[in-house]
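Residue numbering for the sequence shown follows this note's numbering, beginning at 6 and increasing consecutively.
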Amino acid sequence: MNIEVIVLPVADADRAKRFYDDLGWRLDLDYSGDDYRVIQFTPPGSGCSIIFGKNVTTALPGSVQGLHLIVSDIMTARNELDRRGIAVSDAFHDSGGIFHHAGSGALAAGSNPQRKSYASYATFSDPDGNSWVFQEITARLTGHIEDGDESFTPELTDVVRRAEAGQRTRDGAGEKVSGGLNLNSIMVAAG
């Protein structure tokens, strides 16, 4: 299974079209029918597109939150948006080392001090308030982290290693890990 399209609720299709065009995303289509319009954009290098328009969804404009765009360098991504005139947050990281916490005091200013993979973020929103998160990934999680690999925060390394150990232990109800998590839920939570 692949996620290939995300539908964004917007109030003004033309305003949203200008915004995503200003981001430098590829316009794939702009089709209008009777009381219907669909506009599709794809971020550079992505296999997943966004669609918005008129009568595409009944969701409230701005209700999509926390869509993640993976980047290899958080500062380069921030600077590119700034250069294009798009408001973007300062870089931040989760002091807990696993994943950013929405509205939490666990967020710390600046990118992760050691620039660990999956640990640095920045945010921006479209004109309707649909929010996006840049997440810096320099090394991919595969479900196994070799001894001596320091690409990830110690907290994330510990969680992945516990999940991997749990994969080897079956309890008849599936592949469980301490705390009720399985490897798939860790991978989704980690980005």
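Each residue gets a CB set at the ideal place from its N, CA and C atoms; glycine is no exception. All figures in this text were calculated on a predicted structure; none of them were measured in a lab.
Figure out for me which residue from the options has the closest Cα to the Cα of residue i.
| i | options | result |
| --- | --- | --- |
| proline 4 | Asp26, Lys59, Ser94 and Leu32 | Residue 4 falls outside the range modelled here, since the chain spans only 6 to 196, and no answer is possible. |
| phenylalanine 139 | Gly38, Lys121 and Ser94 | Ser94 |
| proline 49 | Ile56, Leu74, Gly67 and Leu34 | Leu74 |
| alanine 113 | Ala107, Ser100 and Ala124 | Ser100 |
| isoleucine 103 | Glu85, Leu72, Leu86 and Ser122 | Ser122 |
| proline 221 | Gly110, Ala96, Asp133 and Ala107 | Because residue 221 is not part of the residues shown, which for the chain are 6 to 196, the question remains open. |
| aspartate 78 | Thr143, Trp137 and Ala92 | Thr143 |
Suppose you measure from the CA of residue i to the CA of residue j; what does that come to, to the nearest Å?
| i | j | result |
| --- | --- | --- |
| valine 164 | aspartate 17 | 43 Å |
| glutamate 9 | glutamate 155 | 32 Å |
| alanine 64 | glycine 29 | 25 Å |
| asparagine 135 | alanine 170 | 38 Å |
| valine 76 | serine 51 | 11 Å |
| glutamate 141 | alanine 124 | 7 Å |
| arginine 23 | glutamine 70 | 20 Å |
| histidine 105 | phenylalanine 129 | 15 Å |
| arginine 120 | methionine 6 | 31 Å |
| histidine 149 | tyrosine 25 | 37 Å |
| isoleucine 56 | alanine 111 | 33 Å |
| threonine 147 | glycine 38 | 44 Å |
| methionine 80 | leucine 161 | 22 Å |
Quick check on residue i: buried or exposed, where buried means 16 or more other Cβ atoms within 10 Å of its Cβ?
| i | result |
| --- | --- |
| leucine 188 | In this prediction, leucine 188 has a pLDDT of 36, which is less than 50 and means its spatial position is unreliable; what the coordinates show is noted afterwards. The residue in question, leucine 188, is buried, as its Cβ has 16 or more Cβ neighbours within 10 Å. |
| serine 190 | Annotation note: pLDDT 35 at serine 190 (below 50); position unreliable, no value reported. |
| aspartate 152 | exposed |
| arginine 88 | exposed |
| aspartate 40 | exposed |
| aspartate 131 | buried |
| isoleucine 11 | exposed |
| serine 68 | exposed |
| alanine 127 | buried |
| arginine 175 | The pLDDT assigned to arginine 175 is 41, lower than 50, so where the model puts this residue is not dependable, and the model offers no usable value. |
| aspartate 33 | exposed |
| proline 166 | Reading the sequence as shown, one finds arginine at residue 166 and not proline. It is exposed - the Cβ of arginine 166 has fewer than 16 other Cβ atoms within 10 Å. |
| serine 116 | buried |
| threonine 158 | buried |
| alanine 107 | exposed |
| arginine 83 | buried |
How close, in whole Å, do the beta carbons of residue i and residue j come, if the pair is a contact with beta carbons under 8 Å?
| i | j | result |
| --- | --- | --- |
| glycine 90 | aspartate 35 | Actually they are not in contact, since the Cβ atoms of glycine 90 and aspartate 35 sit about 22 Å apart, beyond 8 Å. |
The region 17-31 in contact with the region 41-48 per 3-pair CB rule at 8 Å = Short answer: they touch.
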